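K.L.:
The structure under discussion is supplied below as structure tokens; questions concerning it will follow.
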């Protein structure tokens with residue numbers, strides 16, 4: 114119900130809701146205004162009765178067009194100050210962070226107050242296009258001179274395609290793959306993954322590197338054994354050598 118105390122935007126929304134409802138039930142043109150006025154209440158109903166007694170005194174409600182009725186409602190319940198404010202909002206309207214559908218809804222609400230009644234008006238299409246977000250507008254350059262219907266539908270399609278691409282979450286071509294470091298594979302490590310929680314494949318490269326770092330083994334020479342004079346047969350007895358005089362047969366402590 115419309116009471117006649119709503120603000121300008123609510124009044125416009127009510128008119129649009131009634132119009133959509135009438136279209137939904139395939140209401141005949143002659144019955145549009147009589148059905149719409151049945152949704153008036155309180156102050157709005159009293160105003161309409163006065164209109165039927167004055168402006169439309171010689172006409173039946175079925176003879177009044179929807180355009181006449183809606184203009185009469187807006188002309189009476191929307192003040193000049195409200196119209197100026199809404200027109201200013203319309204002229205500065207931008208899509209911003211809103212979706213195309215949200216932008217279109219507010220655009221159509223405010224367009225009437227700026228004198229845009231025909232959706233196919235070239236000025237309407239041009240204004241809608243210029244208010245689109247930069248990324249959307251650039252994508253629609255090929256149709257920038259099309260009708261408002263074409264621009265609106267293509268803007269919706271472009272936005273839907275963008276959302277679908279984002280939802281897929283594709284990996285950037287120049288980004289790291291899975292858990293790999295952005296610095297690339299490190300030396301000495303085997304590139305691969307540990308699958309299924311099983312045993313990891315031996316890191317032969319790392320083992321070879323460790324072996325290269327190990328020092329070579331040191332072999333000690335066998336103990337010096339002095340036997341008898343050269344040419345003398347070995348009797349199997351080890352000779353003791355003095356570290357002082359280097360003569361066999363005694364220790365240094367016994368050296369004279």
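Numbering (our numbering), first residue to last: 114 to 369.
Even for Gly, the Cβ is constructed at its ideal location relative to N, Cα and C.
Predicted, not measured: the structure shown is a model, and the values here were computed from it.
Can you tell me which of the three DSSP states residue 141 falls into?
P.N.:
coil
K.L.:
Does the region 251-267 come into contact with the region 191-204, if we say contact requires no fewer than three beta-carbon pairs (one atom in each stretch) closer than 8 Å?
P.N.:
no
K.L.:
Per DSSP, what kind of secondary structure is residue 200 in: helix, strand or coil?
P.N.:
helix
K.L.:
Could you say which of 160, 360 and 147 lies nearest to residue 117 if we only look at CA atoms?
P.N.:
Across the set 160, 360 and 147, the C-alpha of 160 shows the shortest separation from the C-alpha of residue 117.
K.L.:
Check for me: the alpha helix (DSSP H) holding residue 183 runs from which residue to which?
P.N.:
179-190
K.L.:
Can you look up residue 254 in the DSSP assignment and give me helix, strand or coil?
P.N.:
helix
K.L.:
CB-CB under 7 Å to residue 357, same chain, minus the five flanking residues each way: which ones, in chain order?
P.N.:
365 and 368
K.L.:
Let me check one thing: in DSSP terms, what residues is residue 115 bridge-paired to?
P.N.:
153
K.L.:
Look up residue 354 in the DSSP assignment and give the residues it is bridged to.
P.N.:
361
K.L.:
Are the beta-carbon atoms belonging to residue 175 and residue 143 less than 7 Å from one another?
P.N.:
yes
K.L.:
Could you check what DSSP says for residue 166 in three-state terms: helix, strand or coil?
P.N.:
Note: residue 166 maps to helix in three-state DSSP.
K.L.:
Looking only at C-alpha atoms, which of 198, 178 and 206 sits nearest to residue 150?
P.N.:
178
K.L.:
Can you list, in chain order, the residues of its chain whose CB lies under 6 Å from that of residue 146, leaving out five sequence neighbours each side?
P.N.:
If we look at residue 146 and ignore the five residues flanking it on each side, its Cβ neighbours are 174, 177 and 182.
K.L.:
Would residue 199 pass as a contact of residue 226 if the rule is Cβ separation under 7 Å?
P.N.:
yes
K.L.:
According to the neighbour-count rule (16 or more other Cβ atoms, all chains shown, within 10 Å of its Cβ), is residue 279 buried or exposed?
P.N.:
exposed
K.L.:
Can residue 206 and residue 244 be called in contact, C-beta distance under 7 Å?
P.N.:
With contacts defined by Cβ atoms closer than 7 Å, residue 206 and residue 244 form a contacting pair.
K.L.:
Mind checking which residues open and close the alpha helix (DSSP H) that includes residue 263?
P.N.:
261-281
K.L.:
Should residue 121 go down as buried or exposed, given a rule of 16 or more other Cβ atoms within 10 Å for buried?
P.N.:
buried
K.L.:
Taking C-beta to C-beta, are residue 270 and residue 213 nearer than 7 Å?
P.N.:
no
K.L.:
What span of residues does the alpha helix (DSSP H) with residue 220 cover, start to end?
P.N.:
213-224
K.L.:
Using three-state DSSP, classify residue 243 as helix, strand or coil.
P.N.:
Residue 243 falls in the helix class under three-state DSSP.
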